[in-house]
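Engineer:
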Amino acid sequence: MNGDVRDFVDRIHYGDELVFMYRGQKFFLEGLFQDDNKFTTYLDRWELPGTDYIWVGKGDKTYPVQEFLMARLWDGRTFWEAESEMEWVDY
Numbered sequence: 001m002n003g004d005v006r007d008f009v010d011r012i013h014y015g016d017e018l019v020f021m022y023r024g025q026k027f028f029l030e031g032l033f034q035d036d037n038k039f040t041t042y043l044d045r046w047e048l049p050g051t052d053y054i055w056v057g058k059g060d061k062t063y064p065v066q067e068f069l070m071a072r073l074w075d076g077r078t079f080w081e082a083e084s085e086m087e088w089v090d091y
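Listed below in structure tokens is the structure:
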């Protein structure tokens with residue numbers, strides 16, 4: 001991660017909109033409080049091939065940060081295993 005990875009992770013806790021690159025593809029992560037009273041985190045890929053959300057997690061009292069960090073979304077690796085190849089960018 002080209003920025004402060006701890007700051008990046010802290011922002012996930014607040015549902016901030018985050019844009020980052022991983023291996024030439026742009027991703028968008030955001031958290032929303034939904035009508036079902038769940039804290040929902042969405043991971044979307046903005047670059048081709050565009051698909052539906054890559055990952056959706058829900059939490060009762062907080063955003064599902066640990067679940068996102070431990071999900072094997074990055075070529076079979078967790079966020080912590082792949083973060084050195086990520087670049088935090090503005091959109």
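Mapped onto the UniProt record's numbering, the consecutive letters of the sequence shown carry residue numbers 1 to 91.
A virtual CB, placed ideally from N, CA and C, is assigned to each residue, including glycine.
Whose CA, out of SER84, ASN37 and PHE79, lies closest to the CA of ILE12?
Structural biologist: It is PHE79 whose Cα lies nearest to the Cα of ILE12.
Engineer: For ARG23, collect the residues of the same chain with a Cβ closer than 7 Å to its Cβ; drop the 5 residues on either side in sequence, then sort them by chain order.
Structural biologist: The answer, listed in chain order, is GLU85.
Engineer: Would DSSP call MET86 helix, strand or coil?
Structural biologist: Strand at MET86.
Engineer: By DSSP, does LEU69 sit in helix, in strand, or in coil?
Structural biologist: If DSSP states are grouped into helix, strand and coil, LEU69 belongs with the helices.
Engineer: Quick one, which of MET21, LYS38, GLN25 and LYS26 has its alpha-carbon nearest GLY15's?
Structural biologist: The shortest Cα separation from GLY15 among MET21, LYS38, GLN25 and LYS26 belongs to LYS38.
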